[in-house]
Amino acid sequence: MCKLFLVLIFLIVLAFLFIFLFKIKNIEVSEASGCIDENVIITQYKGKNIFTVSSKQAQNTITETYKCAKNVTVQKKYPSMLVITVEADRPLVKVGDKNIFITEKGFVLENQNQRNLPAIFFDKEPELKPGEKIEDATVVFALSLISQIGKTDFVATSIRILNPVMISVYNRENQAVIFTSEKDANVKVDSLQLILSESKIDPSKIDKIDMRFVKPVITYK
């Protein structure tokens, strides 16, 4: 009888710990650009048992709910805390002279307080609706290209899609770099940086670099 009583006490204590000690009481949300509604997320998870919340599932839910979320991490800090970090998808280019922007993930935004972004121009401008994601392969390639170029010494101010496979990028000095969507963007951008950093070449004397070929073709002023 005594053993049974002790077992019951143990189970009650265990249940108490499981229900109350591991109930999520604190949620720390770190994010930028007002991408997510922090109060909604806190309401969604506060009070739940920390063991019943899947970090991966929570990450997927937030990413699917908020299209502006580029990367989401959900960490558990036992016994009762969640730490949620959201990296917002940022505007990458501005569409011509319009107040329309396209993010790194290809989502269309409007009325963004963003300056000094490269302007993108199209041979045939697609229909751009705020909130929708661009699926056009050439535009997606151009976005990847401009993102990669941002890591080089070439400061892009505009990008022009001349046709479905030909893209030209310009800087403030109106120097042009021509790419093709039929080649890997990462490889070609790495090759561009190698050219710009080559000590034998004076970048200011370059007029155009054509990256469409195995060996880039450089035209001087």
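What the sequence shown shows, in UniProt numbering, is residues 1 to 221, in sequence order.
For each residue, glycine too, the CB sits at the ideal point set by N, CA and C.
Asp-89 and Lys-70 look like a contact to me (Cβ under 8 Å); what is the Cβ gap, rounded to whole Å? 4 Å
Figure out for me which residue from Ala-176, Lys-133, Ser-181 and Lys-215 has the closest Cα to the Cα of Ser-158. Ala-176
Candidates Val-95, Phe-122 and Lys-105, of which the one nearest Gln-112 by Cα: Val-95
Please report the residue range of the alpha helix (DSSP H) in which Pro-110 lies. It should be noted that the sequence gives Glu, not Pro, for residue 110. Not the alpha helix (DSSP H): Glu-110 falls in the beta strand (DSSP E), residues 108–110.
Residue environment, Val-217, which counts as buried when at least 16 other CB atoms sit within 10 Å: Exposed, since its Cβ has fewer than 16 Cβ neighbours within 10 Å.
Extent of the continuous beta strand (DSSP E) run through Leu-117: Careful: Leu-117 lies outside any beta strand (DSSP E) and carries neither H nor E.
Rounded to whole angstroms, what is the Cα-Cα separation between Ile-27 and Pro-91? 28 Å
Whose C-beta lies closer than 7 Å to the C-beta of Ile-149 among residues of the same chain, with five residues either side of it excluded? Excluding sequence neighbours, Ile-149 sits near Ala-156, Val-169 and Val-189.
Own chain partners of Gln-59 with C-beta closer than 7 Å, once the 5 adjacent residues on each side are dropped: Val-72, Thr-73 and Val-74
According to DSSP, Glu-125 sits in a beta bridge with which residue or residues? In the DSSP output, where bridge partners are listed per residue, Glu-125 has none listed.
Per DSSP, what kind of secondary structure is Gln-75 in: helix, strand or coil? strand
Could you compute how far the alpha carbon of Ile-36 sits from the alpha carbon of Gly-131? 14 Å
Would a C-beta distance cut-off of 7 Å place Ile-24 and Lys-46 closer than the cut-off? yes
Do Ile-84 and Val-29 have their CB atoms nearer than 7 Å? Closer than 7 Å, so yes.
Just list the residues that DSSP pairs Ile-42 with in beta bridges. Looking at the DSSP assignment, Ile-42 forms no beta bridge with any residue, so it has no partner.
From the DSSP output, in three-state form, read off Asn-60 for me. helix
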